[in-house]
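Report on one structure; see the data block that follows.
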Amino acid sequence: MEHNKFKLIQSSFWFIPTFYGLGAFIAAILTLLFDQYIIRGNAIILPYFFFASYDTSVTILSTLVSSMLTMTTITFSTIMVVLTTYLSNFSPRTLQNFITDRITKRVLGIFVGGVIYFIILLLLIEQSNQDTVYIAPVFAVLYAIICVAYFVFFIHHVSNWILVGNLIQHITSNTLKTIDRAFLDFEEANEGDIASWDSWELDEIKMKSATTIRSSKSGYLQNVDIPSLIKLATNHDFIIRLEKDIGEFVDEGTVIFSYWSTSAEPDSSKLLNTLSLGTERTTDQDIEYGIQKLVEIALRAISPGINDPNTAINCINRLGKVLSRLGQKHIPQPIYHDTKKNLRVITEPVTYSKYLYKSFYQIRHYAREDVSVLASILQSLEIAADGNKHDTHETIWEFGQFVIRGFDPKVLDEFDHRYINEKLENLAEATGFQDAYQPLSRE
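Numbers 14 to 456, taken from the working numbering, label the letters of the sequence shown in order.
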């Protein structure tokens, strides 16, 4: 998966700073050439204050180098403070959101580029005679002003990022984008491209033994290139099944593919290249990983050491938004065929109930005596039910009953019962199960 490898390089923390550093090196060379061949050749007439003597130029550049190094150090220290805060207050998984943020890497790249730009100018600037003047320090000062502006912007950016509400919003937005990439709306879905469950080929291969392909390395399954798998299966006339789901950990030597072929054996290396394995999960295709981040922030917030239920409620509300978006999407059946309607690829099945369970089962367990969390879960389920297809309503209502069973009604006061019953009744109306609604009782 060359495209995924390139995206992995682009998302690395060093890529953008390296790109800016290389650009700064080229800019420094061009500045010196401009200084030498145009300005010192008297080809352009500029006011005197655009020029500086050799001694003044060296002084300016030396000062800027030391100042930029200090600014870069402060930026690194600020980044480490943010990372420490994320580790202690939120979740280790949320570090990825800040590290992969393009603004953070761009600001750092500008500072690294500034250091390189000033050092190259200082190193290569030469004194030819006492009357020689230079325009390079003017460009250096302009670059320094830009760096100061970006430094102020970076402080503002970090102060916003460190707010838990903004972090939750960022994780939610990324998860919604992943959902939009992975699934189509019901109106847009072209179900003709997806084989039906009653495919005769699916029944036929169950009667035949499959040949397996094992993983050559270990890591989390981050991406699967389904179009490339279909193309390989079509070209070599075989049916292949992916034995692992996105986000699962795959060990070296683990069976990751099974295939049925009537011709020559397929090239296992080409098949393995359609997968991307890494040391950690990503939200590129892994919707469940985005949900997990929100769940972990909520669990950390309701822990006895932090005791911040409002942050947990914020996460739960966002989970409701994610589930609402999922309910509006067509989740395809896990079998794919080629243009001639021949079955080619089988993947692990994905259902709406799976995402629903993954969103709340841990919160339900650790907050089983928190009325505010219980009420917010019911409200999020109501959000998920509103405006969605009716085929999700029964699943949502049944899960709401599952959530209620996890709480002990005897520890709730009369006012708590009224509040919970109000939320439960709203959920029954949103899902169309008013007849099945039974008020929660203390008996």
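Just so it is clear, CB atoms sit at the ideal spot from N, CA and C, and this is done for glycine as well.
Since this is a predicted model, take the numbers as computed values, not measurements.
Should Phe124 and Thr83 be called a contact, given that it needs their Cβ atoms to be closer than 7 Å? Within the sequence shown, the letter at position 111 stands for residue 124. Within the sequence shown, the letter at position 70 stands for residue 83. A distance of 7 Å or more separates the beta carbons of Phe124 and Thr83.
Can you give me the C-alpha to C-alpha distance between Lys118 and Ser75, rounded to a whole angstrom? In the sequence shown, the residue the question calls residue 118 occupies position 105. In the sequence shown, the residue the question calls residue 75 occupies position 62. Distance between the alpha carbons of Lys118 and Ser75: 25 Å.
What are the boundary residues of the beta strand (DSSP E) that includes Leu288? By 1-based counting over the sequence shown, the position of residue 288 is 275. Start and end: Leu288 to Gly291.
Looking at the unbroken alpha helix (DSSP H) that takes in Gly232, where does it start and where does it end? For this step, residue 232 is matched to residue 219 along the sequence shown. In the DSSP assignment, Gly232 falls outside any alpha helix (DSSP H) and lies within the beta strand (DSSP E) extending over Gly232 to Val237.
Where DSSP assigns a beta bridge to Trp410, which residues make up the other side? For the purposes of this step, residue 410 is taken as residue 397 along the sequence shown, with counting starting at 1. Partner(s): none; Trp410 has no beta bridge.
Helix, strand or coil at Val120 [DSSP, three-state]: Counting from one through the sequence shown, the residue named residue 120 turns up at place 107. In this structure, Val120 counts as helix in the three-state DSSP scheme.
Rounded to a whole number of angstroms, what is the C-alpha to C-alpha distance between Ile102 and Phe28? Numbered from its first residue, the sequence shown carries residue 102 at position 89. Numbered from its first residue, the sequence shown carries residue 28 at position 15. Here the sequence assigns Asn to residue 102, which means Ile is not the residue at that position. It is roughly 28 Å from the alpha-carbon of Asn102 to the alpha-carbon of Phe28.
Any idea if Ile159 is buried or exposed, counting beta-carbon neighbours within 10 angstroms, 16 or more meaning buried? Counting from one through the sequence shown, the residue named residue 159 turns up at place 146. Classification of Ile159: exposed, given that the 10 Å Cβ count is below 16.
Supposed contact pair Thr295 and Asp238 - C-beta distance, whole angstroms, cut 8 Å: By one-based count along the sequence shown, residue 238 stands at place 225. By one-based count along the sequence shown, residue 295 stands at place 282. At roughly 14 Å, the Cβ-Cβ gap does not stay under 8 Å, so Asp238 and Thr295 are not in contact.
Give me the residue from Asn323, Ile396, Thr408 and Asp404 with the minimum Cα distance to Ala380. For this step, residue 380 is matched to residue 367 along the sequence shown. Here the closest residue by C-alpha is Asn323.
Counted within 10 angstroms of its Cβ, other Cβ atoms place Asp280 as buried (16 or more) or exposed: Counting from one through the sequence shown, the residue named residue 280 turns up at place 267. With fewer than 16 Cβ atoms within 10 Å of its Cβ, Asp280 is classed as exposed.
Where Tyr368 sits in the DSSP three-state scheme: Against the sequence shown, residue 368 aligns to sequence position 355. Collapsing the DSSP output to three states places Tyr368 in a helix.
What residue from Asp421, His430 and His406 has the CA that sits closest to Ala449's CA? Taking the sequence shown and counting its residues from 1, the one referred to as residue 449 is at position 436. Nearest C-alpha to Ala449: His406.
DSSP state of Trp273, grouped into three classes? Residue 273 sits at position 260 when you count from the first residue of the sequence shown. Per DSSP, reduced to three states, the secondary structure at Trp273 is strand.
Per-residue DSSP class, three states only, for Ile207: Sequence index remark: in the sequence shown, residue 207 carries index 194 (1-based). Residue placement at Ile207 is flagged as unreliable, the pLDDT there being 47, under the threshold of 50; a coordinate-derived value is accordingly withheld.
Which whole-angstrom value is the C-beta distance of Leu440 and Glu411, which I expect to be below 8 Å? If you number the sequence shown from 1, residue 440 lands on position 427. If you number the sequence shown from 1, residue 411 lands on position 398. Actually they do not touch by this definition, with Cβ atoms about 11 Å apart.
Kindly list the residues whose CB is nearer than 8 Å to the CB of Gly419, restricted to its own chain and excluding five residues on each side of it in sequence; keep chain order. One-based indexing of the sequence shown puts residue 419 at position 406. Cβ neighbours of Gly419 beyond the five flanking positions: Arg377, His378 and Arg381.
Apply the 10 Å Cβ neighbour rule to Ala443 and answer buried if 16 or more other Cβ atoms are within range, or exposed otherwise. Here residue 443 corresponds to residue number 430 of the sequence shown, with the count starting at 1. Buried: at least 16 other Cβ atoms inside 10 Å.
Does Arg377 come out as helix, strand or coil in the three-state DSSP assignment? As a position in the sequence shown, residue 377 is number 364, starting the count at 1. In the structure shown, Arg377 sits in a helix (DSSP, three-state: H, G or I).
Can you check DSSP and say which residues form a bridge with Thr225? Sequence index remark: in the sequence shown, residue 225 carries index 212 (1-based). In DSSP, Thr225 forms a bridge with Ser271.
Beta-carbon contacts of His249 that lie in its chain and below 6 Å, excluding the five residues immediately before and after: Walking along the sequence shown from the start, residue 249 turns up at place 236. Cβ within range, chain order: Pro279.
Express the C-alpha separation of Ser90 and Arg106 in angstroms, rounding to a whole number. Within the sequence shown, residue 106 is the residue found at index 93, counting from 1. Within the sequence shown, residue 90 is the residue found at index 77, counting from 1. Their backbone Cα atoms lie some 20 Å apart in a straight line.
Buried or exposed for Arg331, please, with buried defined as at least 16 other CB atoms from any protein chain shown within 10 angstroms of its CB. Counting from 1 along the sequence shown, the entry for residue 331 is found at position 318. Taking all protein chains shown into account, Arg331 has 16 or more neighbouring C-beta atoms within 10 Å of its C-beta and is therefore buried.
Sub-7 Å separation of Ile359 and Ile348 beta-carbons: Here residue 359 corresponds to residue number 346 of the sequence shown, with the count starting at 1. Here residue 348 corresponds to residue number 335 of the sequence shown, with the count starting at 1. The answer is yes: Cβ separation under 7 Å.
Sufficient close CB pairs (3 or more, under 8 Å) joining the segment 291–310 to the segment 260–269: Output reads yes: the segment 260–269 touches the segment 291–310.
Terminal residues of the continuous alpha helix (DSSP H) containing Phe428? As a position in the sequence shown, residue 428 is number 415, starting the count at 1. Residues Glu427 to Thr444.
Those runs of the alpha helix (DSSP H) which lie wholly inside the segment 89–176 and span at least 4 residues: Listed in chain order, the complete alpha helix (DSSP H) runs (minimum 4 residues) inside the segment 89–176 are 108–112, 115–137 and 149–174.
Is Ser289 closer than 7 Å to Ile329 when the C-beta atoms are compared? Reading the sequence shown from its first residue, position 316 is the one you call residue 329. Reading the sequence shown from its first residue, position 276 is the one you call residue 289. For Ile329 and Ser289, no; Cβs fall outside 7 Å.
Please confirm whether Ile129 and Arg338 have their CB atoms less than 7 Å apart. Translated into the one-based positions of the sequence shown, residue 129 becomes position 116. Translated into the one-based positions of the sequence shown, residue 338 becomes position 325. Not closer than 7 Å, so no.
Does the Cβ of Ser231 have 16 or more other Cβ atoms within 10 Å, making it buried, or fewer, making it exposed? By 1-based counting over the sequence shown, the position of residue 231 is 218. The residue is exposed, with fewer than 16 neighbouring Cβ atoms inside 10 Å.
Under 7 Å, do Trp273 and Lys354 count as touching if we go by C-beta distance? Within the sequence shown, numbered from 1, the residue matching residue 273 stands at position 260. Within the sequence shown, numbered from 1, the residue matching residue 354 stands at position 341. Result no, Cβ atoms of Trp273 and Lys354 do not sit closer than 7 Å.
Using only alpha-carbon positions, find the residue among Ile243, Leu242, Thr225 and Gln298 that is nearest to Thr267. For the purposes of this step, residue 267 is taken as the residue at position 254 of the sequence shown. Out of Ile243, Leu242, Thr225 and Gln298, Thr225 has the C-alpha closest to the C-alpha of Thr267.
Evaluate Gly413 with the Cβ neighbour count: other Cβ atoms within 10 Å of its Cβ, from every protein chain shown; 16 or more gives buried, anything less gives exposed. Along the sequence shown, one-based indexing puts residue 413 at 400. By the neighbour-count rule (16 or more Cβ atoms within 10 Å), Gly413 is buried.
Same chain, Cβ closer than 6 Å to Leu137, five either side skipped, listed in chain order: For this step, residue 137 is matched to residue 124 along the sequence shown. So the qualifying residues of the chain are Leu45.
Where DSSP assigns a beta bridge to Asp198, which residues make up the other side? Sequence index remark: in the sequence shown, residue 198 carries index 185 (1-based). According to DSSP, which records beta bridges pairwise, Asp198 is partnered with Lys342.
Around the C-beta of Ile39, are 16 or more other C-beta atoms found within 10 angstroms, so that it is buried, or is it exposed? For the purposes of this step, residue 39 is taken as residue 26 along the sequence shown, with counting starting at 1. Exposed is the label assigned to Ile39, since fewer than 16 other Cβ atoms lie within 10 Å of its Cβ.
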